[in-house]
Every structure is written in structure tokens, then in C-alpha cells.
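So the protein sequences, as listed, match chains A and B. Under this note's numbering, the residues of the first sequence are numbered 1 to 177, in order. Under this note's numbering, the residues of the second sequence are numbered 1001 to 1307, in order. Some notes on the structure that comes next.
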Amino acid sequence: MRRLILALAILAVVLAVVLVWSRHGDDAAEPAPSTAAGPARSPSIAHAGGAARPVAAPSGESGEGGQSGERGQSGESQPQPVPVDPATAPSPDTPVSKPAPPQQPFTREETIAKREADLKLLDDTRTRLAADLATAQGAGSAGSVRELEVRIARLAELRQKRAAELDAIRAGGPLPP
Amino acid sequence: MVAFDAKRILIGAFVVMAGCSTSSPTEDPAAPELQLADTDNGVSGTFGETTFTSEMVSTNVLEITVKLNGMMITALVDYDSGVMEFDGFAKDTGESTQMTDDDRAALTALEGALAPLGGELPFALDKLRGFVATWAEHPSTVDLQSIRLAAETRSWTSLCYAKNTYYPASHDCSVDGFWADSTTLDGAYLSSTGSFGGPDGTAWYFPAAGSYQCCSGSWSCGRYTCSVGAAGWYAGVEIDHDTRIENAYGNCFGVCGSGCPGSYQYTVDCVNHDACVRNGHVTASAYCDDQFVSASDDWALAPDCGA
């Protein structure tokens, strides 16, 4: 009996591995995000009072990796072109507009000035949300209180991050894209 | 800098319009209704399970919040300094999260409800619509938390002058870089022409009878051969980097946001983003991440060129 249970357990593990491996093959058609340090995606995380949310995947870098000519899923339809009403089409003598000049990136000085304004924006927002929180607490609005607490905590973290980024820019570090 | 008068935000009329423009007794009774309400400095509302606010929280700062599927996404726009902060997180815990297909679908549905409200909207409502329309195409592989430094001709460039003309469009991806033959349309026709249906609602000019590269797929474009019997405009397919196809139009090609969102902000970045997601890549393709990021501030600042 114990051997039977062990055999069934091994079979279940093998089936799970095969299932996971087959899904990995489908996902490989789109480029994998760059693997910066970060939590693994876990779609089954439950959040109290709300729908389960996937944890943030590492940010992707477009155009990196992957293969040219993405493979499609089996069973997807392959429609053929259908003529459109010529009355809606551009006339043959429709002009071609001159391209706009390329957008110029911000200088280091401009970037620093805007980033300083960003810190003020974040500080002002935290102050405002703190006032809203006090109001919500006074009104006993538990839902609003929780949301505001979450936003304020997140803003505090973001403010630290942005301040560090600004310090790095001031110190001559590379300008963010 | 944007000049506006908060006292002119007359949402009341649009509360009535929203009620009239959404489902009637003859339509699907299960379809959500768009509900709008005045706030002190903007608008709040619901659409099914999605809730939102858009307010001028000071004389120069716009704040938008949208709550859907257990997530809150936020936008802070400082119109004086040209700084924007975007974020998205699990509403109850503050944990970072990512945009999913369900989220994009919910935002697309909200966009569809806001589009019929017309062109002349109060500022906060107009910006909400632009934000929702843009975020409806937010890739899963782009971080929901980001900062954007914005200024005209630096981070966005209006193409109002190019409305109803052909304009070159390009993108970079694994196939090739910007302005290569395979990634470039010599002339996308920028217009308010609506959707032709099919994968992206876009019509393409096939220059001769023959076989071309098309693609299909809900999450990645699988290449296959499509054929036409004569030169002309055709729809119902997505072209896949075919170097012979140089012209496209339809589904508000070049307008910021998904499809035709109800306002008509034509910009360089939005043209290029459409060129990416309609030419061999699905809407949320990671290959179009940089085109999305470039276009992610245009909704807030670019002028409405009109239909």
C-alpha cells in the first residue's frame, strides 16, 4: 500500500513537471522580461478583501531577446484580407506631411530641476493624503482609512527612491531614459 | 503650463449625458452603466466594478485614481513643472503588481463608455478619458510605477498639422530597428476613421495581387501567408512586418489611446505606438514597451486636434 501511494505521488510530480514545461514552451514565444532581482510572479497570492493580484514581474526590455517571427498559439484563426469600401479610403492625392523634428532629451540641469519638482509633488501629495486620512479616521471610514494608509506608505517608499535617484543624477550618474 | 478655471468644471451635464449614453432598457440589462458625479474639483464615478476619480487637487496638479480588479492605478500630473508620477499596486496591501489582460479589458470597456461623451468635456473628465484610453494598452512588462518628465518637443510632439494626411510611422523590435523597411510605414493615414474590425481595426494598402506576411494570435503574433487578388485597401488582418506594405489607416491610427477614445490627440509617439502594436505585435507585446513608455505622457498634455 505504501509503495502504491509512493508511486502515485511520483506520477503526480512527473505530470506536474510536464504541465509546467509545456506552458514554458508557449511563454517562450514572447520575450522574457530581463531578470532583474525581484519576486517571482505568483498569480495565486490572495489579498484581503480583493481579487488576487499577480506580484509585479521584473520590468521588461523591449526588443531584447526573443525571436523574430513570434510563434502563434495552435488553433488561432488565420483570416484573409477583405476589401474595404473605397469611399472611406484616402484619396490618391492625399498629401504626405513633413515629419516633425526629433524630440530632444532633457539636459542634466533640466532633469535635476524637474526631479526636484517631483520631490515637492510627492511631499505635497503625502501631506494632502495625511489630511484626508485624518478626516477618514474621524469619520470612521475603515475602507478609506486602509486605502489612504496604503497610499501614504507607498508614497513614502517612492519618495525615498526618487531622492536617491536625484542624488545619483546630481553626482554625475547616467541620466535615466 | 495649462491655464484652466476649476469653476468651469461642469460635470453635472455630463452626469445626465452618461446616464443617457449607456445601456437603455432595450440593451443588455447586465451591461454596466457609467455613473458620473461632481466632486469639488473634478469627477468621480463607477463603471461596473471599476471606480475612478479625476480631480485638480491644486491649481496645477491633476490626480487620477482608478480602482479595478483589486488594483489601484494612480496618475499625478504637475502641469507647472511637467512632472508625472504613475503607479499601480494591490489596493489592499500596497504590493507592487502588474497589468494583466483582465485589467486591460476593464480599462478598454471603461474607455468605450467614456468615448461617446463627445469632444468638449470638462478638463478633469477629458484627462480621465485620455489616461484610461492610454492605460488600456499598458503592457504587462512595463512597470506600473514610473516617472515621466514632460515638455512639448522634448517628450511629446503634436501632429495636429498632419491630421488627414499620410505620416511616416515606425518602431523598433526584434525584427529590426527604427526606420528599417520592415518596421516602417512610409505613410500611415492619420484620421478619425473608425474600426474596420479584425485584429486591430486597421486597413492596409496591398500594392499588388499576391501573398503577404500576416499574423494572428491573442497573445503573440503567429505569422502566416495572406493573399489578395488585386491591389487595393483591405482589412480584417494584421500585417507582420511585410516590407511591401507601406500604408495603413483606420481605428483612429495615430490617435493616443486604444482605438477611437472620443478625443483626437495625434502625436509622434502615439503614431509610432500604433505602428508597433498593429504591425506584427499584439497590443501588450513587450516589443512595444518603449513605444508605450514614450507615448505614456501624451494624453496629459497634447492638444485635441478634433475629429
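Beta carbons are placed, not taken as given, at the ideal position from N, Cα and C, and that holds for glycine. All figures in this text were calculated on a predicted structure; none of them were measured in a lab.
What does the alpha-carbon distance come out to for the pair A29 (chain A) and R1104 (chain B)? Bear in mind that the predicted position of A29 (chain A) carries a pLDDT of just 39, short of 50, making it too unreliable to give a figure here.
Looking at the structure shown, is Q1291 (chain B) part of a helix, part of a strand, or coil, going by DSSP? helix
Alpha helix (DSSP H) containing K114 (chain A): first to last residue? R108 to A139
Under 8 Å, do A1295 (chain B) and T1134 (chain B) count as touching if we go by C-beta distance? yes
If we count the other Cβ atoms within 10 Å of its Cβ and call it buried at 16 or more, is Q1098 (chain B) buried or exposed? buried
In three-state DSSP terms, what is D85 (chain A)? coil
Just confirm the distance between the C-beta atoms of W1179 (chain B) and S1170 (chain B), as a whole number of angstroms; I'd bet it's less than 8 Å. 5 Å
Do we get a CB-CB distance below 8 Å when we pair T127 (chain A) with the residues of chain B? no
Per DSSP, cross-strand counterpart(s) of Q103 (chain A): DSSP output for Q103 (chain A) lists no bridge partner at all.
Neighbour-count burial assignment, H1138 (chain B), 16 or more Cβ in a 10 Å radius: When all chains shown are included, H1138 (chain B) counts as buried.
What whole-angstrom Cβ distance do G1232 (chain B) and P83 (chain A) have, given they're in contact under 8 Å? 6 Å
Where does I1147 (chain B) sit, in a helix, a strand or coil, going by DSSP? I1147 (chain B) falls in the strand class under three-state DSSP.
Short Cβ contact (8 Å threshold) for A1300 (chain B) with K1127 (chain B): Result yes, Cβ atoms of A1300 (chain B) and K1127 (chain B) sit closer than 8 Å.
Whole-angstrom distance between S1195 (chain B) and Q78 (chain A), CA atom to CA atom: Rounded to the nearest angstrom, the gap between the Cα atoms of Q78 (chain A) and S1195 (chain B) is 19 Å.
Interface flag, D1181 (chain B) vs chain A, CB-CB below 8 Å: no
Can you tell me whether DSSP reads I1245 (chain B) as helix, strand or coil? coil
Flag S1155 (chain B) as yes if its beta-carbon sits less than 8 Å from any beta-carbon of chain A, otherwise no. yes
Secondary structure of N1279 (chain B), DSSP reduced to three states: strand
So what's V96 (chain A) in DSSP terms, helix, strand or just coil? strand
E1049 (chain B) to K1067 (chain B) span [Cα, whole Å]: 8 Å
Rounded Cβ spacing between K114 (chain A) and L1149 (chain B) (contact assumed at less than 8 Å): 5 Å
For the alpha helix (DSSP H) holding L1107 (chain B), just list the boundary residues, first then last. D1101 to L1114
Cα-Cα separation between P1199 (chain B) and G1236 (chain B), rounded to whole angstroms: 7 Å
Taking buried to mean at least 16 other C-beta atoms within 10 Å of its own C-beta, is S1216 (chain B) buried or exposed? buried
In chain A, which residues lie with their C-beta within 8 Å of the C-beta of C1160 (chain B)? Going along chain A, no residue has its Cβ under 8 Å from C1160 (chain B), so there is no contact; the nearest lies around 10 Å.
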